[in-house]
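>
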Amino acid sequence: MSILFSGSTKTFHLYNQEISYIMTVLPNGHMGQLYFGKKVHHREDYSYLYETVCRPMASCVFEGDRSFSLEHVKQEYGVYGTTDYRRPAIEILQPNGSRICDFKYQGYEIQKGKPALTGLPATYTENEDEAETLCITLADSLTGVVLELLYTVFAKGGILARSARISNKGEEELHLTTAMSLCLDLPDCDYEWLQFSGAWARERHLKVRKLEQGIQAVDSRRGNSSHEHNPFIVLKRPAANEFQGEAIGFSLIYSGNFLAQAEVDTHDTTRVLMGIHPMGFDWKLEKGESFQTPEAVMVFSEQGLNGMSQTFHRLYQKRLARGYWRDKARPILNNNWEATYFDFTEDRLVEIAGKAKECGVELFVLDDGWFGQRNNDHAGLGDWVANPKRLSRGITGLAERIEGLGMKFGLWFEPEMVNKDSDLYRAHPDWILSTPGRSVSHGRNQYVLDFSRKEVVDCIYGMMAKILGEAKVSYVKWDMNRSITECYSKALLPERQGEVFHRYILGVYELYDRLNRNFPHVLFESCASGGGRFDPGILYYAPQGWASDDSDAVERLKIQYGTSFCYPISSIGSHVSVAPNHQVFRSTPLHTRANVAYFGTFGYELDLNKLTEEEQEAVKGQIAFMKEYRELLQFGRFYRLVSPFEGNITCWMVVNDEQTEAIVGWYRTLSHVNMPYTRVRLHGLNPDFCYVEQGSERVYYGDELMNIGLITSDGMSGQVEELTGEYGDFDSRLYILRAVQEKQIADK
Ligand code: GLA
28 MSILFSGSTK TFHLYNQEIS YIMTVLPNGH MGQLYFGKKV HHREDYSYLY ETVCRPMASC
88 VFEGDRSFSL EHVKQEYGVY GTTDYRRPAI EILQPNGSRI CDFKYQGYEI QKGKPALTGL
148 PATYTENEDE AETLCITLAD SLTGVVLELL YTVFAKGGIL ARSARISNKG EEELHLTTAM
208 SLCLDLPDCD YEWLQFSGAW ARERHLKVRK LEQGIQAVDS RRGNSSHEHN PFIVLKRPAA
268 NEFQGEAIGF SLIYSGNFLA QAEVDTHDTT RVLMGIHPMG FDWKLEKGES FQTPEAVMVF
328 SEQGLNGMSQ TFHRLYQKRL ARGYWRDKAR PILNNNWEAT YFDFTEDRLV EIAGKAKECG
388 VELFVLDDGW FGQRNNDHAG LGDWVANPKR LSRGITGLAE RIEGLGMKFG LWFEPEMVNK
448 DSDLYRAHPD WILSTPGRSV SHGRNQYVLD FSRKEVVDCI YGMMAKILGE AKVSYVKWDM
508 NRSITECYSK ALLPERQGEV FHRYILGVYE LYDRLNRNFP HVLFESCASG GGRFDPGILY
568 YAPQGWASDD SDAVERLKIQ YGTSFCYPIS SIGSHVSVAP NHQVFRSTPL HTRANVAYFG
628 TFGYELDLNK LTEEEQEAVK GQIAFMKEYR ELLQFGRFYR LVSPFEGNIT CWMVVNDEQT
688 EAIVGWYRTL SHVNMPYTRV RLHGLNPDFC YVEQGSERVY YGDELMNIGL ITSDGMSGQV
748 EELTGEYGDF DSRLYILRAV QEKQIADK
């Protein structure tokens with residue numbers, strides 16, 4: 028990897044084995060974008076890539092020159108209002124009412140490794156050789172604003188991380204009203220746009236459409252990254268698929284309001300913008316102050332969507348997630364929420380945990396309802412002290428009993444929220460976000476604490492740290508069950524109200540960070556009514572997240588498949604729950620529920636006492652299986668093979684780095700009579716290795732499995748598997764493949 032600067036042409040070339048990113052200083056001193064894609068040879072001069080044409084009706088920058096218009100030049104950080112009419116990367120409201128800026132190139136610095144972004148989650152390096160970072164400095168002479176554009180190229184993978192820092196080095200106070208993390212102008216629009224959208228209990232469904240002239244965007248204005256959209260989009264060439272062709276993924280490491288958009292202009296160039304949502308954003312920059320944007324990560328792949336996803340998985344697993352749990356197989360847990368909801372006693376919890384222990388579960392998690400007057404969702408949030416009526420010896424006593432069973436203990440919190448019926452609210456009614464003179468909306472009877480205020484974060488930290496310090500708590504589920512409304516902080520002046528959404532999320536990060544630092548062995552799992560804040564920002568603090576409140580195995584196929592486009596399997600919280608399922612009332616076989624949940628963190632969301640003995644035996648087998656294979660399942664190379672968004676069959680697989688072990692998950696939603704023959708072509712195996720399929724003991728070469736395919740047709744009848752006693756609808760299978768010595772193939 029390297030970052031090269033050609034002084035004669037003022038051109039930067041950032042590259043590694045896979046990508047080149049080339050930009051140059053434009054005639055007006057702004058930064059221009061020349062190329063992002065597969066690695067090309069280095070040369071001093073790429074000026075042929077800088078194309079200008081005299082276009083009728085163009086507004087032009089220089090008197091007497093009818094060719095230089097910013098509207099028609101690809102840029103690094105576009106500004107609106109001086110010949111470029113596209114949406115801008117930056118906008119600054121100045122004392123005279125103008126929003127125009129003119130950022131001219133000043134110089135650059137290259138450093139090894141990657142600097143941290145103060146107060147913000149970001150990718151990192153563990154040693155300096157893993158990446159190089161370029162900082163380009165530009166300045167607007169009239170306002171004195173200095174703009175630093177940061178680019179990190181990693182040694183491995185088609186990854187480029189970007190962010191911007193804006194500093195007011197002038198004399199007057201300014202308002203930053205747009206500050207995107209990334210602006211990328213691409214030379215054409217021959218792309219399909221992929222987004223991951225949905226709703227509560229239907230998160231991250233894949234939606235695809237062709238880019239067209241105009242703006243296509245996804246965003247959140249809810250204060251959390253949201254169930255509705257994820258801060259992740261992909262542009263892929265129409266011919267690209269899961270396995271080949273060009274795709275660029277854009278991911279924002281941020282958990283608050285965001286915008287991700289592609290604008291195709293009249294000449295079919297595409298501008299991608301990603302960053303904090305400009306709507307309502309207004310950050311006052313006093314003299315001497317700076318603003319750092321969140322980081323955005325771009326991944327270029329010419330190995331299709333799987334290639335792109337695998338690069339994101341490695342990066343986010345190893346260089347975004349942090350801490351003690353980063354590289355560790357995750358404990359198999361039993362959460363009591365769907366088992367009891369609010370209706371539990373200490374003995375009842377211990378009874379559930381006891382059976383879980385007997386089946387092999389390692390961690391028992393007590394969900395909502397253990398604190399304050401929390402007997403239902405009308406009261407108690409904010410009072411993070413155990414309810415003595417339910418837990419006579421508090422969390423300490425319960426944790427001791429669970430540990431006494433030989434299990435770890437985990438606990439649910441919803442730190443950002445408060446019920447009006449709580450001691451916290453009664454003591455500090457002004458601590459909630461609410462707009463003066465307006466009624467304040469609730470969500471699930473709760474209100475949002477003003478996490479932009481340090482004293483609020485300190486108070487919540489104090490209550491949480493007391494419990495984590497006193498009791499043996501090994502795991503925390505951090506929930507967030509409503510979006511923000513009437514966003515207004517009583518601690519900030521009127522002209523700073525446009526900062527509240529961002530300050531709020533900085534407060535969330537601050538609390539997470541303090542807890543991470545002071546309780547480094549605690550495993551954090553994020554949650555926001557399921558997957559309402561499943562984003563890379565949170566992944567920096569919590570290496571796993573509850574992917575959705577919909578725990579039905581069939582629904583989960585789409586949710587987990589969609590989630591896997593950006594996020595590693597080790598981050599996807601997935602559990603077996605009861606049948607009929609509590610969200611969709613569907614009954615799926617126990618083996619299918621487990622076969623889906625294995626491709627995630629794995630656990631149970633039910634009372635195992637209520638299963639039949641036969642089912643309990645099956646659960647013991649599932650847990651033993653997961654313990655044997657979880658490193659492979661959670662940290663192996665994951666391939667999507669057949670999409671649930673396209674038909675009745677879903678298939679995916681994981682392979683270890685040595686290509687000696689693989690597990691294929693195959694799922695059929697509905698059963699049909701007299702079904703066709705089916706094969707699935709596998710990926711990522713070594714073509715020359717021989718693999719034995721566990722169970723059937725059949726042996727195949729890797730190239731057979733990848734080119735001919737694994738036969739997944741049903742055995743004897745070609746119909747519903749009634750002859751084998753297996754299920755019809757919602758059936759699934761795992762195929763476990765292990766490399767063996769070649770001579771064994773002859774023996775079979
Ligand atoms: C949210 C979570 C659930 C559960 C409940 C408790 O909905 O997503 O898993 O923790 O809150 O109230």
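Sequential numbering of the sequence shown, starting at 28, is according to this note's numbering.
A virtual CB, placed ideally from N, CA and C, is assigned to each residue, including glycine.
(1) Say the cut is 6 Å; is the CB of TRP364 nearer than that to a heavy atom of the ligand GLA?
(2) Which of helix, strand or coil does DSSP assign to ARG786?
(3) Can you determine whether any heavy atom of the ligand GLA sits closer than 6 Å to the C-beta of ASN508, and answer yes or no?
(4) Cβ of ILE690 within 7 Å of Cβ of LEU761?
(5) Mind reading off the beta-carbon distance from GLY627 to ILE596? Whole number of angstroms is fine, and I expect it under 8 Å.
(6) Looking at the secondary structure, which residues open and close the beta strand (DSSP E) in which MET58 lies?
(7) Who pairs with ALA191 in a beta bridge, going by DSSP?
(8) Does the beta-carbon of SER575, which I'm using as the reference point, lie nearer than 6 Å to any heavy atom of the ligand GLA?
(9) Using three-state DSSP, classify VAL700 as helix, strand or coil.
(10) Any Cβ of chain B within less than 7 Å of the Cβ of LEU408?
(11) Suppose you measure from the CA of ILE163 to the CA of ASP111; what does that come to, to the nearest Å?
(12) With DSSP as the reference, please indicate the residues paired to ASP167 in a beta bridge.
(13) Is it buried or exposed for TYR827, if we count other Cβ within 10 angstroms and need 16 for buried?
(14) So what's LYS637 in DSSP terms, helix, strand or just coil?
(15) Return the CA-CA distance between LYS101 and ALA116, expressed in angstroms with no decimal places.
(16) So what's LEU750 in DSSP terms, helix, strand or just coil?
(17) What distance in whole Å lies between the Cβ atoms of SER282 and PHE339, which are believed to be in contact at a cut-off of 8 Å?
(18) Cutting at 6 Å between CB atoms, please list the residues of its own chain near THR297, excluding the five before and the five after it.
(19) With a Cβ-Cβ cutoff of 7 Å, do MET28 and GLU155 count as a contact?
(20) Can the beta-carbon of GLU269 be found closer than 7 Å to that of LEU332?
(21) Specify the secondary structure class of ARG375 as computed by DSSP and reduced to three states.
(22) Where are the beta strand (DSSP E) runs, 3 residues long or more, that stay fully inside the stretch 436-492, in chain order?
(23) Within the continuous alpha helix (DSSP H) that includes GLU365, where are the two ends?
(24) Please confirm if the stretch 302-320 is in contact with the stretch 181-194, defined as three or more CB-CB distances below 8 Å between the two stretches.
(25) I need the straight-line Cα distance from MET733 to PRO714, nearest angstrom please.
(26) Check the C-beta distance from ILE459 over to LEU476 and give it rounded, since I have them as a contact under 8 Å.
(27) Can you tell me the Cα-Cα spacing of GLY59 and SER74, whole angstroms?
(28) Comparing alpha-carbon positions, which option in ASN257, SER125 and VAL299 lies nearest SER208?
(29) Does GLY132 come out as helix, strand or coil in the three-state DSSP assignment?
(30) Tell me whether the beta-carbon of ILE487 lies closer than 7 Å to the beta-carbon of PRO442.
(31) Three-state secondary structure (DSSP) at LYS504?
(32) By the three-class DSSP mapping on this structure, what secondary structure does TYR588 have?
(33) Quick one: does the C-beta of SER553 sit closer than 6 Å to a heavy atom of the ligand GLA?
(34) Enumerate in chain order the residues of its own chain whose CB-to-CB distance from ALA555 is below 6 Å, with the five nearest sequence positions on each side excluded.
(35) Assuming SER47 and GLY64 form a contact by the criterion Cβ under 8 Å, report the distance between their Cβ atoms to the nearest whole angstrom.
(36) Could you tell me the alpha carbon to alpha carbon distance between ALA24 and LEU764, rounded to whole angstroms?
Quick answer:
(1) Looking up residue 364 in the sequence shown gives position 337. The answer is yes for TRP364.
(2) This structure cannot speak to residue 786, because the chain is shown only from 28 to 775.
(3) Counting from 1 along the sequence shown, the entry for residue 508 is found at position 481. Yes, the beta carbon of ASN508 sits closer than 6 Å to at least one heavy atom of the ligand GLA.
(4) Sequence index remark: in the sequence shown, residue 690 carries index 663 (1-based). Sequence index remark: in the sequence shown, residue 761 carries index 734 (1-based). In this structure, LEU761 lies closer than 7 Å to ILE690 by Cβ.
(5) The residue labelled residue 627 in the question sits at position 600 within the sequence shown. The residue labelled residue 596 in the question sits at position 569 within the sequence shown. Yes, they are in contact, since the Cβ atoms of GLY627 and ILE596 sit about 6 Å apart, within 8 Å.
(6) Position 31 of the sequence shown, counting from 1, holds the residue named residue 58. First-last of the beta strand (DSSP E) with MET58: 58-65.
(7) In the sequence shown, residue 191 corresponds to position 164, counting from 1. Its beta-bridge partners are LEU176.
(8) Reading the sequence shown from its first residue, position 548 is the one you call residue 575. Result no, Cβ not under 6 Å from the ligand GLA.
(9) The residue labelled residue 700 in the question sits at position 673 within the sequence shown. VAL700: coil per DSSP, three-state reduction.
(10) Here chain B cannot be found, since the structure has a single protein chain.
(11) On the sequence shown, position 136 is the one that residue 163 refers to. On the sequence shown, position 84 is the one that residue 111 refers to. CA-to-CA, the gap between ILE163 and ASP111 works out to about 21 Å.
(12) As a working mapping, residue 167 is identified with position 140 in the sequence shown. Answer is VAL172, bridged to ASP167.
(13) Beyond the ends of the chain as shown, which are 28 and 775, falls residue 827; an answer cannot be given.
(14) Translated into the one-based positions of the sequence shown, residue 637 becomes position 610. Note: LYS637 maps to helix in three-state DSSP.
(15) Working through the sequence shown from its first residue, we reach residue 101 at position 74. Working through the sequence shown from its first residue, we reach residue 116 at position 89. Distance between the alpha carbons of LYS101 and ALA116: 13 Å.
(16) For the purposes of this step, residue 750 is identified with residue 723 of the sequence shown, where counting begins at 1. Model confidence at LEU750 stands at a pLDDT of 48, short of 50, so the residue's coordinates are unreliable; what they give is reported in the following sentence. LEU750 falls in the helix class under three-state DSSP.
(17) By 1-based counting over the sequence shown, the position of residue 339 is 312. By 1-based counting over the sequence shown, the position of residue 282 is 255. Not confirmed; about 17 Å, so no contact.
(18) Translated into the one-based positions of the sequence shown, residue 297 becomes position 270. Counting only Cβ-Cβ distances below 6 Å, and skipping sequence neighbours, we find LEU213, CYS216, ALA289 and VAL291.
(19) Position 1 of the sequence shown, counted from the start, is the residue given in the question as residue 28. Position 128 of the sequence shown, counted from the start, is the residue given in the question as residue 155. No; because the gap between Cβ atoms is not below 7 Å, this pair is not in contact.
(20) As a position in the sequence shown, residue 269 is number 242, starting the count at 1. As a position in the sequence shown, residue 332 is number 305, starting the count at 1. Taking 7 Å as the Cβ cut-off, GLU269 and LEU332 qualify as a contacting pair.
(21) One-based indexing of the sequence shown puts residue 375 at position 348. Correct three-state label for ARG375: helix.
(22) 444-446 and 473-475
(23) Position 338 of the sequence shown, counted from the first residue, corresponds to residue 365. Start and end: 364-367.
(24) yes
(25) Against the sequence shown, residue 733 aligns to sequence position 706. Against the sequence shown, residue 714 aligns to sequence position 687. Rounded to the nearest angstrom, the gap between the Cα atoms of MET733 and PRO714 is 8 Å.
(26) Mapped onto the sequence shown, residue 459 falls at position 432. Mapped onto the sequence shown, residue 476 falls at position 449. Rounded to the nearest angstrom, the Cβ distance from ILE459 to LEU476 is 6 Å, consistent with a contact under 8 Å.
(27) Here residue 59 is taken as the residue at index 32 of the sequence shown, counted from 1. Here residue 74 is taken as the residue at index 47 of the sequence shown, counted from 1. Straight across, the Cα-Cα distance linking GLY59 with SER74 is about 11 Å.
(28) Locating residue 208 in the sequence shown gives position 181, where the first residue counts as 1. It is VAL299 whose Cα lies nearest to the Cα of SER208.
(29) Mapped onto the sequence shown, residue 132 falls at position 105. According to the sequence provided, residue 132 is Tyr. The question's Gly does not apply to it. Residue state, collapsed to three classes: strand.
(30) Your numbering for residue 487 matches position 460 in the sequence shown. Your numbering for residue 442 matches position 415 in the sequence shown. Cβ atoms of ILE487 and PRO442: closer than 7 Å.
(31) Stepping through the sequence shown from its first residue, residue 504 is reached at position 477. Of the three classes helix, strand and coil, the one that applies to LYS504 here is strand, per DSSP.
(32) Along the sequence shown, one-based indexing puts residue 588 at 561. TYR588: helix per DSSP, three-state reduction.
(33) Residue mapping note: residue 553 aligns to position 526 of the sequence shown, counting from 1. Not one heavy atom of the ligand GLA lies closer than 6 Å to the C-beta of SER553.
(34) Against the sequence shown, residue 555 aligns to sequence position 528. Within the same chain, ALA555 has close Cβ partners ASN251 and MET507.
(35) Along the sequence shown, one-based indexing puts residue 47 at 20. Along the sequence shown, one-based indexing puts residue 64 at 37. Correct: roughly 7 Å between the Cβ atoms.
(36) An answer regarding residue 24 cannot be provided, because it is not within the stretch 28 to 775 covered by the chain.
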